[in-house]
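The sequence shown: position 58 = 58 (my numbering), numbered continuously.
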Amino acid sequence: MESIKQISRRRGRQLILYREVNPIDRNLKDMLNVMLNGRDPRTRARMSDDGIIDNLLTFLIAGLTKLLQVLTDKSSQV
């Protein structure tokens, strides 16, 4: 059975591949687009797929943590 980490990384790779095959407006400032199209100003290197996936998962977990915190705070006020 696949772990959540394996499923998340596989889904991240699918998302990156989909976006590379079906590009959207390069000026769109969603987080994935910025990471896919961004370049290091000094080396012009692109972020690795693993680096992009790591960042996406970090922001996802941080967002969920904040959401749970807000919901917990609101429920204690009721």
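Cβ coordinates follow ideal geometry from the N, Cα and C atoms, glycine included.
What residues in its chain sit with their C-beta under 7 Å from that of residue i, if we drop five residues either side in the sequence?
i          : result
residue 37 : 26
residue 24 : 33
residue 8  : 57
Tell me, which residues are paired with residue i by DSSP?
i          : result
residue 46 : 39
State the CB to CB distance for the pair residue i and residue j, rounded to an integer number of angstroms; the pair is presumed to be in contact (CB under 8 Å).
i          : j          : result
residue 56 : residue 32 : 7 Å
Only counting the same chain, and skipping five residues up and downstream in sequence, which positions put a Cβ closer than 6 Å to that of residue i?
i         : result
residue 3 : none
Within the same chain, show all residues whose beta-carbon is closer than 8 Å to that of residue i, passing over the 5 residues directly before and after it, in chain order.
i          : result
residue 20 : 36
### Message
Counting beta carbon pairs with one atom in the stretch 50-62 and one in the stretch 11-28, are three or more of them shorter than 8 Å?
### Response
yes
### Task
Could you pull out every unbroken beta strand (DSSP E) segment of at least 3 residues lying fully inside the stretch 51-78, listed in chain order?
none
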